[in-house]
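Residue numbers (this note's numbering): 2 to 853. Every residue, glycine too, gets a C-beta built ideally from N, C-alpha and C. Below you'll find the structure, written out as structure tokens, and then a few comments.
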């Protein structure tokens, strides 16, 4: 069992037992004593920081905190000791014991409490020990041990009756506190002025203090003797690190005796001492803030919190910072405090709350004539929130109104914001020009590297895959030694998405691993969300479609909750694409239609290409199927889909050799439910081949196999029948195997025969040889393979030159060969017409394309 609870009355020895267990633990031990006002989140975050001895990732929920703490504790086989669990609310106590305890596999949790924590039927196993008062025999044994340590004392019988066997009270009685209703009070009332001063500081301190730090109270150097005397009377105790503190029973009794001036003096002293004590940053800031509040110095407290804001955010305590700022009265919220609050909200991905507050803050800054630095800081946070929320008009107005940049870094941040804004507005060429111009004008390797990465990101989002490799490689070289801030971690994560798009999966996994490591150091929720989004896209590129869909929907929900709409829309586009790849076309179309409406409403025109790219995966609505396979394609999903569609198209045209070759080559790619649609397409191709050769029984069996494969993978039930109807009623497919006139010119009215076997065009009483007209015949064959449908310029260029389309190289040449082909068709019942995005072959009923 990994969870233990020791509970019982105050003074029963719970903490002493926990300390003894911790002293024998072979691994790391971290300890947190709870104080009034603590919450589950602050306690778990403090344990996380103690385990890492470094800043931790900002958690957005208690569940995330507990999960991270469990991972850290397991990794170091640590024991987490939590004293005074009863301070937490009942549901928080249960969450700590059950949610954390249920996750631990190598670490351990030991909690002490004055109250039992109820179990539920579903609670994980845990060890519980109730400590009551000692029996009389055990009490006598303890008394004899105290005699051996401190000298013999009389009065056991009286002490036994008054202590009820509680070890704390027995020890107090042995030290001489045997009279009165509360023995601790007697010892406290006998303190000297210096002893009382030192004890009051320890009573009001949230953290134990070292002797070195406490020496600051007494310049004469007699603090050591004072600590010795207080320890001898059992009023002060040492922790495992040799620091001095107080038991809660002593603390409570002393605080009840202190007058107002003594309390004030202790708080003042702690404000001076705490900066010297080696405690976690968040603990120090928390304590200093409490002491300033107790002294009634609100302005100093606000200034201190604002000055510590960046430090708190870096240490994963943005939530606590926000809670402190929320607790301030309205008139104490200075402009600086409002800006710190806005930054904390954005850090916590509370963009929906942050955006209107930052808008109001910006108006206040302008109205009150705030200094340029404050306006620059407020504008920068507002721009970031506006970009996250896709409030493009507000973003542009803010950027235009911002003062001249105060430095190179601010200038660069504004430049990136302008580029992002132009991309979202659909003005990607302007965005790329901004980035290229800045990179060319800068001598800063880091700035040029991030410009390269930003360019690659926009090209990736825009689907311009052929242009990705150069800027991402350039960015890697330029940012090789960049500091690991959040932007550096983001570009590392982004490179994973780009590498996976290029099929370089080993590099993608390496980049993801590095990005995760950097995120653990930085603790940035936004980066975590972006990284999860990119990781989901990598899953999709690797062909793990169902896992990718689950991941994309989870990230979308988190982004939507936080108001990070760009990531939400990007995840929705990815989900639409994956759904289409899975053959869940109706669901995908509905999702993409809503997404397109959101894009229009938000005027985020740059995202339209993502929707168009997703829709190209719809096998039922795509204008033209591919006629060739990209041999260098290594992405499993894309390679499998290409082979399946080209095989089906080849079967439809009667090219049995090509179809069967592709079907064999894709067998190893289409295993599992992720590729049910591709398997169904393969069975359809076989059914088409069987039908062309008159094997009706085999054709029906193949069709049944297609329907079965589709059903197993959750493909929409109408997909296979619709595709089968298209394949088997298309006249080109039906006539490819029909007898044709092998002789001379065709004399039948309206009959046009394009014969790819003989490279001839027959019609209108004449025969045209295409043997030496290589490019025109390739164009005609590409158009004839899809009569009545527009064939894109890209596909025409691939068919003619086997190259990627470049308008600067191919447009004029393509127009010349289209004109030549039109001349060949002159007088026949067929013609080539221009129809965006390319050309279409119009034919009469008598047209036949012979491919076999």
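With respect to the beta strand (DSSP E) encompassing residue 850, which residues constitute its N-terminal and C-terminal limits? 848-851
According to DSSP, what are the bridge partners of residue 132? 9
Leaving out five residues before and five after residue 207 in sequence, what residues of the same chain have Cβ atoms less than 8 Å from its Cβ? 36, 284, 287, 288, 291
Give me the Cα-Cα distance between residue 46 and residue 525, rounded to the nearest whole angstrom. 14 Å
For residue 647 versus residue 626, is the C-beta distance shorter than 9 Å? yes
What does the alpha-carbon distance come out to for the pair residue 458 and residue 473? 9 Å
If the criterion is Cβ atoms closer than 9 Å, does the pair residue 7 and residue 106 meet it? no
Among the residues of its own chain, which have a CB less than 6 Å from the CB of residue 678, if the five just before and after it don't count? 584, 716
Grouping DSSP H, G and I as helix and E and B as strand, with all else coil, what is residue 466? helix
Along the chain, where does the alpha helix (DSSP H) that runs through residue 577 open and close? 566-582
Pick out whichever of 420, 504, 826, 516 has its Cα sitting closest to the Cα of residue 1. In the structure as shown, the chain begins at 2 and stops at 853. Residue 1 is therefore absent and cannot be evaluated.
Would you call residue 628 buried or exposed, if buried means 16 or more other Cβ atoms sit within 10 Å of its Cβ? buried
Decide if the segment 219-236 is in contact with the segment 291-307; the criterion is three or more beta carbon pairs, one per stretch, under 8 Å apart. no
Taking the beta carbon of residue 691 as the centre, do at least 16 other beta carbons fall within 10 Å, making it buried, or is it exposed? buried
Any contact between the segment 494-509 and the segment 538-546? By contact I mean 3 or more CB pairs, one from each, below 8 Å. yes
Within this structure, are the beta carbons of residue 209 and residue 245 separated by less than 9 Å? yes
Tell me which same chain residues have a C-beta within less than 6 Å of the C-beta of residue 610, skipping the five on either side of it? 463, 464
For residue 506, which of helix, strand or coil comes out of DSSP? helix
Going by DSSP, what residues sit across from residue 84 in a beta bridge? 34
Beta-ladder partner(s) of residue 110, from DSSP: 4, 81
Work out the CA separation of residue 9 and residue 141 for me, nearest whole Å. 21 Å
Report, in whole angstroms, the separation of the C-beta atoms of residue 707 and residue 721, which I expect to be a contact under 8 Å. 5 Å
Helix, strand or coil: how does DSSP classify residue 356 here? helix
With C-beta atoms as the reference, is residue 18 less than 9 Å away from residue 31? no
Residue span of the beta strand (DSSP E) that contains residue 843, given as start and end: 839-844
Does the segment 79-91 come into contact with the segment 112-127, if we say contact requires no fewer than three beta-carbon pairs (one atom in each stretch) closer than 8 Å? yes
Nearest to residue 124 by alpha carbon, out of 132, 133, 300, 92? 92
By how many angstroms is the C-alpha of residue 834 removed from the C-alpha of residue 744? Bear in mind that a pLDDT of 43 at residue 744, under 50, signals an unreliable position, so the number given afterwards is only what the model happens to contain. Those two C-alpha atoms are separated by around 30 Å.
Under the criterion of a Cβ to heavy atom distance below 8 Å, does residue 196 qualify as lining the ligand NAP? Of ligands this structure carries none, so the ligand NAP is not represented either.
What are the partner residues of residue 763, as DSSP defines its beta bridges? 754, 768
Can you tell me the Cβ-Cβ gap for residue 380 and residue 363, rounded? I've got them flagged as a contact below 8 Å. 7 Å
Would the segment 816-830 count as touching the segment 775-787 if we require 3 or more Cβ pairs under 8 Å? yes
From the beta carbon of residue 576, is the nearest beta carbon of chain B less than 9 Å away? Within the model displayed, chain B is absent; a lone protein chain is all it includes.
C-alpha distance - residue 444 paired with residue 476, whole-angstrom precision: 14 Å
Three-way DSSP call (helix, strand, coil) for residue 237 in this model: coil
Going along the chain, which residues of its own chain have a beta-carbon closer than 6 Å to the beta-carbon of residue 449, five neighbours each way excluded? 440, 443, 479
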